[in-house]
Amino acid sequence: MLLIRNGTVLDGEGIRKKDILIDESGVIVRLEDSISSIENIEEIDVDKFVVAPSFVDMHTHLRVPGNEEAEDIESATTAAVLGGFTHLVAMPNTDPVIDSVSKVFDLKRRIQNSNAKCEIIISSAITCGRMGKELVDFRDLSQMGIMYFTDDGNGVDDPELFDFALALAQEYGVTVAQHLEFKEFRENKYFVNEGEVSSYLGMSGIKAVSEEAMLARDLAIAAHYNVHYHAMHVSTRRSVELIRIAKQAGINVTAEVTPHHLLLDEREVLKLDSTSFVNPPLRTEEDCLALRKGILDGTIDAIATDHAPHLNEVKDQPFISTAPGFIGLESAFRVSLSAICKTSKFGDVVPQGAESVVKAMSLNPAKILKISGKSEGGLGVGSVAEIVVLDMNSVSNLDASSFSSKSRNTPFDGMELRGKVVHTIRKGKLVVKNGILQS
Amino acid sequence: MTEKVAQVTARDVLKFGDDFLTIDEVGRSGLEDIVEFAESFVGDSSKYASALSGKIVATMFFEGSTRTRLSFELAAKQLGSNVLSFFESTSSVKKGESFKDTAKTVEAFGVDCLIVRHASIGASHQVARWVNIPVINAGDGCHAHPTQALIDVLTIRDSLRSRGKDISFEGIKVGILGDVRNSRVARSSAKALSLLGAQVVGIAPALWTPDKRSIETLGFSSFTSDLDSELEGLDFLILLRIQNERLQNKRMQSINEYIKNFSMTGSRLDRLNPEAFIMHPGPMNRGVEISSQLADSKKSLILNQVSYGIPARMAVLLKVLSEVGN
Ligand SMILES: [Zn+2]
Numbered sequence: 005m006l007l008i009r010n011g012t013v014l015d016g017e018g019i020r021k022k023d024i025l026i027d028e029s030g031v032i033v034r035l036e037d038s039i040s041s042i043e044n045i046e047e048i049d050v051d052k053f054v055v056a057p058s059f060v061d062m063h064t065h066l067r068v069p070g071n072e073e074a075e076d077i078e079s080a081t082t083a084a085v086l087g088g089f090t091h092l093v094a095m096p097n098t099d100p101v102i103d104s105v106s107k108v109f110d111l112k113r114r115i116q117n118s119n120a121k122c123e124i125i126i127s128s129a130i131t132c133g134r135m136g137k138e139l140v141d142f143r144d145l146s147q148m149g150i151m152y153f154t155d156d157g158n159g160v161d162d163p164e165l166f167d168f169a170l171a172l173a174q175e176y177g178v179t180v181a182q183h184l185e186f187k188e189f190r191e192n193k194y195f196v197n198e199g200e201v202s203s204y205l206g207m208s209g210i211k212a213v214s215e216e217a218m219l220a221r222d223l224a225i226a227a228h229y230n231v232h233y234h235a236m237h238v239s240t241r242r243s244v245e246l247i248r249i250a251k252q253a254g255i256n257v258t259a260e261v262t263p264h265h266l267l268l269d270e271r272e273v274l275k276l277d278s279t280s281f282v283n284p285p286l287r288t289e290e291d292c293l294a295l296r297k298g299i300l301d302g303t304i305d306a307i308a309t310d311h312a313p314h315l316n317e318v319k320d321q322p323f324i325s326t327a328p329g330f331i332g333l334e335s336a337f338r339v340s341l342s343a344i345c346k347t348s349k350f351g352d353v354v355p356q357g358a359e360s361v362v363k364a365m366s367l368n369p370a371k372i373l374k375i376s377g378k379s380e381g382g383l384g385v386g387s388v389a390e391i392v393v394l395d396m397n398s399v400s401n402l403d404a405s406s407f408s409s410k411s412r413n414t415p416f417d418g419m420e421l422r423g424k425v426v427h428t429i430r431k432g433k434l435v436v437k438n439g440i441l442q443s
Numbered sequence: 006m007t008e009k010v011a012q013v014t015a016r017d018v019l020k021f022g023d024d025f026l027t028i029d030e031v032g033r034s035g036l037e038d039i040v041e042f043a044e045s046f047v048g049d050s051s052k053y054a055s056a057l058s059g060k061i062v063a064t065m066f067f068e069g070s071t072r073t074r075l076s077f078e079l080a081a082k083q084l085g086s087n088v089l090s091f092f093e094s095t096s097s098v099k100k101g102e103s104f105k106d107t108a109k110t111v112e113a114f115g116v117d118c119l120i121v122r123h124a125s126i127g128a129s130h131q132v133a134r135w136v137n138i139p140v141i142n143a144g145d146g147c148h149a150h151p152t153q154a155l156i157d158v159l160t161i162r163d164s165l166r167s168r169g170k171d172i173s174f175e176g177i178k179v180g181i182l183g184d185v186r187n188s189r190v191a192r193s194s195a196k197a198l199s200l201l202g203a204q205v206v207g208i209a210p211a212l213w214t215p216d217k218r219s220i221e222t223l224g225f226s227s228f229t230s231d232l233d234s235e236l237e238g239l240d241f242l243i244l245l246r247i248q249n250e251r252l253q254n255k256r257m258q259s260i261n262e263y264i265k266n267f268s269m270t271g272s273r274l275d276r277l278n279p280e281a282f283i284m285h286p287g288p289m290n291r292g293v294e295i296s297s298q299l300a301d302s303k304k305s306l307i308l309n310q311v312s313y314g315i316p317a318r319m320a321v322l323l324k325v326l327s328e329v330g331n
């Protein structure tokens, strides 16, 4: 049992000061203004901290199977709980690709036999091998419980094939999530935004329109179905605008943004450092501002890490052949909060800003993924205690050397960031206490 | 200069132990300092014949360019340095060994300076971060080729001086013609010439033009795809080598399309300002970007550029590897 004292509860049901009592089975049994101490029960005082539903990452590259040197189940899930996450969606672009019942079965078994610290939600590719040629077996996979389909790393270029994918998604009630990029726009390009900075450096970059054109096409197709379509890691202001319009038009679309696209822009690339290359690339300052606004006004539903671990030897290659992407689980909250609060320049947290980050990192993804026990949202009596306790005010420099991820590819090392994940509670148990993993 | 790219600010004059990676980093004073130093020994460099004796200069070329490599190696040898040549085409870089490993390995041979040529942008910046010895950029993708810019500055100053003109670049108009978008020579030379006061006009097919917002930062005063209307007003015209693989793709349909509008051949020669001179970093594609007649004419400074290659590189080597140039 666990008693959480004096926390400011922020769960979409209004901000309020409450004490929370969690019972032996991990369920919240009391939520009251003040609960008096009970003998032999662990108590944590979280005065000055925010108590929120734990985070859910819609976009983690687990690297299992196939690249366990860069990350494995234990290291990824440890990084996740340290970052305040209790659930993550594992991307299917592994080696081999997760695109069949047997591959899902193998991964499930590996997760069961692992020392996973959080829930792993398995997703499947849309097309076999993510090759964009033939669709996976939506029927069998959905019957096995797979609800999330994406060719992440690649977009589905062929419009007819994508139309068929949405028809099947409608039939089986599953979500199709698109990595928005036409492959023709990527050929022989650096993972930088095509624009002023890339041109200055002589790099051919990836145009914003590569994302926007696919998003517009997808929305046009989705309008013909009663289907949930999810736009992954949107990175441009016009993408935000397209999603806003589509939502107004009644299309069942949700969207995510990464923490790094909220905080950084294309000028990072001027450092000519390997930790500036990511796909989609870091865009312009105007894009960055529009993405923050999208989080604040709810046009963008979720913040998802796109946690993409790479070994140093991959990052220590020439930029034209570098592997794009950053690790993100352990920095996501701090980076996102810093970005959203940037308007106030590390002054007081805008309450709306803090609430938007919590919504985008926990409530909304839980709802989108229909996570049982979590999708209902609030920290109500009777719900399983999956909680994160957050310090919204402390400011400190990020130290990547302390990360639990096996990889170190982050552009945020040493950066001054706001916020801190203090405790993570999974199924009623403190798995992270004062920022330290509990055994 | 836009605020965005203005972050890349000039560091200082080139000094002992420094890297030489871009023109932007040395800025106007650094550029003038190197150029004047090179001019101080052009024609007779015998007093520096053993300035680098006992040193080892390594050329690390991951992209074929015999003339640039030979020019650097000759420059090093004329200063008494030993030379180590390392050539590896990027495709053959061994699996498992990273680019960093390769750079660290060459450094561990005990060399004093690395001269790096690579098809990937920023490669010499990467190497400079990994090793503790000076790194000289001999060309990184479409980004920078700073010693070529020194050569162009030296060539233009020589041309002005030999005609009894002021060697200041104020009031001089230079055209840079070709695939500017994909040219490291264009980037470095435009920057150097504009820093010294020249007006630099980019001339290129529309799809070979850099992003509009970057033009000024790159050192260009304007861009045009109308070569014919520029010919009369230019004092110097730098032609870029046209890469064959760029002549038939989505951006350019055929070689004839380029020749028709952008080649310095035929009647265009007559329209060129009689006082103007032509330059080319080499190697030339005769009949594509330049006619043989023009290349071999008195209007061509191409051989002067070649002859300035060695003093330009000697000046850089002396600056970063010894105290004599400082
Ligand atoms: Zn993706």
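In the order they appear, the protein sequences are chains Z and Y.
Take any residue in the first sequence, note its place counting from 1, add 4, and you have its number in the working numbering.
Take any residue in the second sequence, note its place counting from 1, add 5, and you have its number in the working numbering.
All C-beta atoms, glycine included, are put in the ideal place defined by N, C-alpha and C.
- Taking 4 residues as the minimum length, the alpha helix (DSSP H) runs contained wholly in the segment 263 to 339 of chain Z are 263 to 267, 289 to 300 and 316 to 319, in order along the chain.
- Within the segment 239 to 296 of chain Y, the alpha helix (DSSP H) runs of at least 4 residues that lie entirely inside it are, in chain order, 260 to 267 and 273 to 276.
- With respect to the 8 Å criterion, Y/V62 and Y/D117 are classified as neighbours on the basis of their beta carbons.
- When Cβ-Cβ separations below 8 Å define contact, Y/P286 makes no contact with chain Z.
- In the displayed model, Y/M65 falls within a strand according to three-state DSSP.
- For Y/G32, the shortest separation between its Cβ and any heavy atom of ligand 1 does not lie below 7 Å.
- In this structure Y/R276 is exposed. Its beta-carbon is surrounded by fewer than 16 other beta-carbon atoms within 10 angstroms.
- The distance from the Cβ of Z/P57 to that of Z/S366 is about 4 Å, consistent with a contact at the 8 Å cut-off.
- Secondary structure note for Y/M319: its alpha helix (DSSP H) is the uninterrupted segment I307 to L326.
- Annotation for Z/G16: K363, L367, G381 and G382 place their beta carbon closer than 7 Å to its own, counting only its chain and skipping 5 residues before and after.
- Contact with chain Z is found for Y/I126, since one of that chain's Cβ atoms lies less than 8 Å from the residue's Cβ.
- Neighbourhood of ligand 1, defined by CB distance below 7 Å to any of its heavy atoms: Z/D156, Z/G157, Z/H183, Z/M236, Z/H237, Z/N283 and Z/D310, in chain order.
- Annotated three-state conformation of Z/P369 is helix, per DSSP.
- The straight-line gap separating the alpha-carbon atoms of Z/D51 and Z/F416 is approximately 29 Å.
- In its chain, beyond the 5 residues on either side, I130, T131, C132, L165, F168, A169 and L172 have a beta carbon closer than 8 Å to the beta carbon of Z/L139.
- The alpha-carbon of Z/S128 is positioned some 8 Å away from that of Z/L145.
- Considering only beta carbons, the part of the segment 202 to 219 of chain Y lying closer than 7 Å to chain Z consists of P215, D216, R218 and S219, in chain order.
- For the segment 115 to 138 of chain Z, the set of residues with a beta-carbon nearer than 7 Å to any beta-carbon of chain Y is empty.
- With contacts defined by Cβ atoms closer than 8 Å, Z/G432 and Z/L6 form a contacting pair.
- Within the segment 187 to 204 of chain Z, the residues whose Cβ lies closer than 8 Å to some Cβ of chain Y are Y194, E198, G199, E200, V201, S202, S203 and Y204, listed in chain order.
- Look at Z/I77 here: in three-state DSSP terms it is helix.
- The three-state reading of DSSP puts Y/G35 in helix, counting H, G and I together.
- Under the three-state reduction of DSSP output, Y/H130 falls in the helix class.
- Y/K105 reaches chain Z at D320, counting residues in chain order whose Cβ is nearer than 7 Å.
- Counting along the chain, the unbroken alpha helix (DSSP H) around Z/M218 starts and ends at A212 to A226.
- Each of Y/D216, Y/I220, Y/S193 and Y/N254 was checked against the Cα of Y/L245, and the nearest Cα belongs to Y/S193.
- Y/I181 and Y/S219 have their alpha carbons spaced roughly 16 Å apart.
- Near chain Z, meaning a CB-to-CB distance below 9 Å, the residues of the segment 217 to 237 of chain Y are K217, R218, S219, I220, T222 and L223.
- Here the segment 147 to 165 of chain Y lies against the segment 299 to 314 of chain Y, with 3 or more beta-carbon pairs under 8 Å apart.
- If the five residues before and after Z/R422 are omitted, its C-beta is found closer than 7 Å to the C-beta atoms of R338, L341, S342, C345, F350 and V399, all from its own chain and listed in chain order.
- In this structure, the alpha-carbon of Z/A250 lies about 24 Å from that of Z/T309.
- The DSSP-derived three-state label of Z/P57 is strand.
- Taking CB atoms only, Y/R189 has a neighbour in chain Z less than 8 Å away.
- Residue environment: Z/Q321 is assigned as buried (16 or more neighbouring CB atoms within 10 Å of its CB, all protein chains considered).
- DSSP places Y/A195 inside the alpha helix (DSSP H), whose first and last residues are R189 to L200.
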